[in-house]
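Everything below concerns the one structure shown next.
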Amino acid sequence: MTLRIALIGECMVELSRQGDALVQGMGGDTLNTAVYLSRLLPEADIAYLTGLGLDAFSEELLARWKAEGINTQYVHRSATKLPGLYSISTEPNGERRFHYWRNDSAAKFWLNETDTESLKASLKGFDLIYLSGISLAILPREARQILFSLLSVIKPHCRVVFDNNFRPALWDSFDEAQAAYREMLALTNIAMLTFDDEQSLWGDETVEASLLRTQSLGVSEVVYKHGAKPCEVFTHQKRTEVSAEKVIQVVDTTAAGDSFSAGYLAKRLTGGGVEAAAHAGHKLAGQVIQHHGAIIPLSAMPTI
Numbered sequence: 001m002t003l004r005i006a007l008i009g010e011c012m013v014e015l016s017r018q019g020d021a022l023v024q025g026m027g028g029d030t031l032n033t034a035v036y037l038s039r040l041l042p043e044a045d046i047a048y049l050t051g052l053g054l055d056a057f058s059e060e061l062l063a064r065w066k067a068e069g070i071n072t073q074y075v076h077r078s079a080t081k082l083p084g085l086y087s088i089s090t091e092p093n094g095e096r097r098f099h100y101w102r103n104d105s106a107a108k109f110w111l112n113e114t115d116t117e118s119l120k121a122s123l124k125g126f127d128l129i130y131l132s133g134i135s136l137a138i139l140p141r142e143a144r145q146i147l148f149s150l151l152s153v154i155k156p157h158c159r160v161v162f163d164n165n166f167r168p169a170l171w172d173s174f175d176e177a178q179a180a181y182r183e184m185l186a187l188t189n190i191a192m193l194t195f196d197d198e199q200s201l202w203g204d205e206t207v208e209a210s211l212l213r214t215q216s217l218g219v220s221e222v223v224y225k226h227g228a229k230p231c232e233v234f235t236h237q238k239r240t241e242v243s244a245e246k247v248i249q250v251v252d253t254t255a256a257g258d259s260f261s262a263g264y265l266a267k268r269l270t271g272g273g274v275e276a277a278a279h280a281g282h283k284l285a286g287q288v289i290q291h292h293g294a295i296i297p298l299s300a301m302p303t304i
C-alpha cells in the first residue's frame, strides 16, 4: 500500500535579497515540509492542499512542486485571486526579516470555493494530514470552521499532525488564536510544538505547563522543538530527550523547524521510534541551516 500524506497551507512567491538583486523563489512552512517529505519518502503520495490563481506565478509554483514529486491534484485554482508574496532578508547571524503581501491571496479563500464533500471523501484515503498554525491563521473564521469540520470527520481514518507555528501578526487577537489552537489540538494526534511559540501564545513558563494543556486536549504524541537545544518527545507519560548534532556555521535558519518535522515524520511513518525520529529531524534540520533558503539542493540531502 502506498503511504499517502496530505499537507494543508500556503506557499507564496518569495523575493530574497542577494547582494543588490532580488531573486524570486517560493516559500511556505507546510510546503517546505511537503518538499522534504517527498524527498525522504519518494514512493509515497505527498499531496499539497492550497489555493493558487491562473496567473504565471501560480503556474511556476505548480511546476516546481510537481518537479519535487508533489501531488497537486487538490490545489484549488481561483479565477480571481493570486498567490501571496513576501520578501526576506537574512541577518549576519542567520536570523531572518520578513515583509508580507498576502491578505487577498488565493490560499486564504480556497476552502470557500471548494466542494468540501468531495474533499472530505478524498482525504479519508490519506494516512496522515499535516497543517500548521499558519495554515489556520490565514483563513477567515468561516473557512477555519469548515476546516475543523473536515478534520473532525477525517480524524478517525488517519493521523492528524499540527505544528504550532504561531505568528501574532496573522491573528486579530490572542483570544482568537488560543480558541483556534484549542479546537485544532483537540483534533490532533501528533503536535510539533516550538516552545518559543508556546510561550508567545500562552505565556507558558515551563514545558510542563504547555504539556499539561496539550495532553488534556487529547494529543497522544507531543514533540517540543527548542532550536539548537535538545528536543523533547512525550508519549504515554514517557519523556525522551534527543540532542542535536552541533552545527559550526549557521548560514540561514529558514525552514529549520519545517525540515525537522519532515525528518521526524518520515522516520515515524516508516516504523521508527520517537528517539530515532528525533535524530532524523535534527539531522535534516542541521543540514538545512547550513544553506541559504528554505529548500537545500537535492545533492545536499542527508540519509536518515
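Letter by letter, the sequence shown follows residues 1 to 304 in UniProt numbering.
Where a beta carbon is used, it is the ideal one built from N, C-alpha and C, also for glycine.
In DSSP terms, what residue i is bridged to
i                 : result
phenylalanine 162 : Leu131, Ala191
phenylalanine 98  : Ile88
asparagine 71     : Ala47
glutamate 117     : In the DSSP output, where bridge partners are listed per residue, glutamate 117 has none listed.
leucine 34        : Before going on, a small fix: residue 34 reads as alanine here, not leucine. In DSSP, alanine 34 forms no bridge with anything.
alanine 21        : Gln18
Same chain, Cβ closer than 8 Å to residue i, neighbours up to 5 away in sequence not counted
i             : result
leucine 170   : Ile134, Ala137, Ile138
aspartate 127 : Leu3, Arg4, Ile5, Cys158, Arg159, Leu269
glycine 272   : Ala280
histidine 282 : Cys231, Val242, Ser243, Ala244, Glu245, Phe260, Gly263
arginine 144  : Leu136, Ala180
glycine 69    : Ser38, Arg39, Pro42, Ile46
arginine 64   : Met26
tyrosine 74   : Ala6, Ala47, Tyr48, Leu49, Leu119, Ser122
Same chain, Cβ closer than 7 Å to residue i, five either side skipped, listed in chain order
i             : result
alanine 262   : Thr33, Tyr36, Leu37, Leu40, Leu284
lysine 155    : Leu187
lysine 267    : Ala276, Ala277, Ala280, Ile304
glutamate 183 : Phe148
leucine 111   : Leu139, Ala143, Ile146, Leu147
alanine 79    : Leu54
Rounded Cβ spacing between residue i and residue j (contact assumed at less than 8 Å)
i                 : j                : result
glutamine 178     : valine 247       : The pair is not a contact, with the Cβ atoms about 34 Å apart (cut-off 8 Å).
alanine 44        : arginine 17      : About 35 Å; that fails the 8 Å criterion.
phenylalanine 166 : leucine 185      : Phenylalanine 166 to leucine 185, Cβ: 12 Å. No contact.
leucine 22        : phenylalanine 57 : Wrong, their Cβ atoms sit about 14 Å apart, outside the cutoff.
serine 200        : proline 168      : 7 Å
glutamate 10      : serine 105       : 7 Å
methionine 12     : glycine 84       : 4 Å
threonine 235     : serine 220       : 7 Å
Element boundaries [beta strand (DSSP E), containing residue i]
i             : result
glutamate 232 : 231-235
glutamate 241 : 238-242
residue 306   : Nothing can be reported for residue 306, as the shown portion of the chain is limited to 1 through 304.
serine 16     : 12-18
Reduced DSSP secondary structure (H/G/I, E/B, other) of residue i
i                 : result
glutamate 142     : helix
arginine 77       : strand
arginine 213      : helix
residue 308       : A query on residue 308 cannot be resolved here, the shown segment of the chain reaching from 1 to 304 and no further.
serine 173        : coil
leucine 54        : coil
leucine 26        : This sequence places methionine at residue 26; leucine is not what is there. Residue state, collapsed to three classes: strand.
methionine 301    : coil
alanine 186       : coil
leucine 82        : strand
alanine 106       : helix
alanine 228       : coil
alanine 294       : coil
phenylalanine 153 : Note that residue 153 corresponds to valine in the displayed sequence, not to phenylalanine. Here valine 153 sits in helix by DSSP.
glutamate 245     : coil
lysine 124        : coil
valine 251        : coil
6 Å Cβ shell around residue i - same chain, five flanking residues per side excluded
i                : result
lysine 108       : Ile138
alanine 294      : Gly27, Asn32, Thr254, Ala255
phenylalanine 98 : Tyr86, Ile88
tyrosine 130     : Leu7, Val161
aspartate 258    : Asp29, Asn32, Thr33
N- and C-terminal bounds of the alpha helix (DSSP H) containing residue i
i            : result
glycine 281  : 274-288
leucine 269  : 256-269
arginine 167 : Per DSSP, arginine 167 belongs to no alpha helix (DSSP H) and is neither H nor E.
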